[in-house]
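Engineer: Chains as they are written, first to last, in our numbering: chain P, 1 to 107; chain E, 108 to 193.
1. Below 8 Å between beta carbons: does that hold for residue 158 (chain E) and residue 1 (chain P)?
2. Could you tell me whether any Cβ in chain P is nearer than 8 Å to the Cβ of residue 129 (chain E)?
3. Using a C-beta to C-beta distance shorter than 7 Å, which residues of chain P count as neighbours of residue 165 (chain E)?
4. Buried or exposed: residue 185 (chain E), going by 16 or more other Cβ atoms within 10 Å of its Cβ?
5. So, for residue 151 (chain E): in the same chain, excluding its five sequence neighbours on each side, which residues have a beta-carbon less than 6 Å away from its beta-carbon?
6. Using 8 Å as the threshold, is the C-beta distance between residue 69 (chain P) and residue 169 (chain E) below it?
7. Just to check, is the beta-carbon of residue 16 (chain P) closer than 7 Å to a non-hydrogen atom of the ligand FMN?
8. Along the alpha helix (DSSP H) that carries residue 150 (chain E), what are the first and last residues, could you check?
9. Is residue 165 (chain E) buried or exposed, if buried means 16 or more other CB atoms sit within 10 Å of its CB?
10. Could you give the distance in angstroms between the alpha-carbon of residue 122 (chain E) and the alpha-carbon of residue 134 (chain E)?
11. Nearest chain E C-beta to residue 43 (chain P) closer than 8 Å, yes or no?
12. Kindly indicate the opening and closing residues of the alpha helix (DSSP H) around residue 20 (chain P).
Put into structure tokens, the structure is as follows:
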């Protein structure tokens with residue numbers, strides 16, 4: 001692999017590890033969904049960029065199709081999950097993670 | 108060498124997704140954990156494509172993306188309309 005592709009691939013793997021750790025450490029389900037839904041497509045995008053440097057133009061087109069398919073669909077799916085959880089049994093956002101950022105109290 | 112490091116790291120992500128799927132209090136946590144597992148497998152396949160330079164496995168990624176999305180949507184609809192179904 002060319003060093004540039006290797007750099008992209010390693011960066012993507014670290015972002016993916018971050019999403020895994022984020023999913024374990026966050027306390028409220030919303031923060032976990034956020035970590036998983038955001039970081040994992042970005043990790044795949046980075047690896048896809050690294051991989052497309054290696055393959056020819058046909059490979060780049062294929063990776064573009066897969067990247068667009070993933071980036072369009074995964075956030076929508078995680079958003080649906082957010083909505084489903086919020087409508088059935090809304091989780092009280094505690095004092096951590098999101099409450100401090102959004103600035104308003106949810107309890 | 109680089110590819111094996113990246114594959115090990117994606118394996119770690121898969122393990123964390125498995126742990127969250129095992130622990131996850133709510134059903135939705137488990138669905139998200141499985142989704143992250145699918146994406147980490149997709150990234151591992153992309154690393155293999157980067158390593159070998161062949162696009163033999165790239166259509167697999169497209170199928171996994173769509174199947175992962177459909178599964179998550181189906182699960183979230185189940186969560187949302189569970190009380191009416193039973």
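Each residue gets a CB set at the ideal place from its N, CA and C atoms; glycine is no exception.
Structural biologist: Checking against the coordinates, here is how it stands:
1. Within the second chain, residue 158 (chain E) is the residue found at index 51, counting from 1. Within the first chain, residue 1 (chain P) is the residue found at index 1, counting from 1. Yes, Cβ-Cβ distance for residue 158 (chain E) and residue 1 (chain P) is below 8 Å.
2. Walking along the second chain from the start, residue 129 (chain E) turns up at place 22. No, no contact with chain P.
3. On the second chain, residue 165 (chain E) is found 58 positions in, with the first residue counted as 1. Residues of chain P passing the Cβ test: 59, 62, 63 and 66.
4. Start at 1 with the first residue of the second chain, and residue 185 (chain E) comes out as number 78. Label assigned to residue 185 (chain E): exposed.
5. If you number the second chain from 1, residue 151 (chain E) lands on position 44. Here the set comprises 114 and 117.
6. For the purposes of this step, residue 69 (chain P) is taken as the residue at position 69 of the first chain. For the purposes of this step, residue 169 (chain E) is taken as the residue at position 62 of the second chain. Yes, they are a contact pair.
7. For the structure depicted, the ligand FMN is absent and the ligand set is empty, with no information on it obtainable.
8. As a first step, residue 150 (chain E) is located in the second chain; it is residue number 43 there, counting from the start. Element bounds for residue 150 (chain E): 134–159.
9. For this step, residue 165 (chain E) is matched to residue 58 along the second chain. With 16 or more neighbouring CB atoms inside 10 Å of its own CB, residue 165 (chain E) falls in the buried class.
10. For the purposes of this step, residue 122 (chain E) is identified with residue 15 of the second chain, where counting begins at 1. For the purposes of this step, residue 134 (chain E) is identified with residue 27 of the second chain, where counting begins at 1. About 18 Å.
11. Walking along the first chain from the start, residue 43 (chain P) turns up at place 43. By this cut-off, residue 43 (chain P) is an interface position.
12. Residue mapping note: residue 20 (chain P) aligns to position 20 of the first chain, counting from 1. Looking at the DSSP string, the run of the alpha helix (DSSP H) that includes residue 20 (chain P) is 3–25.
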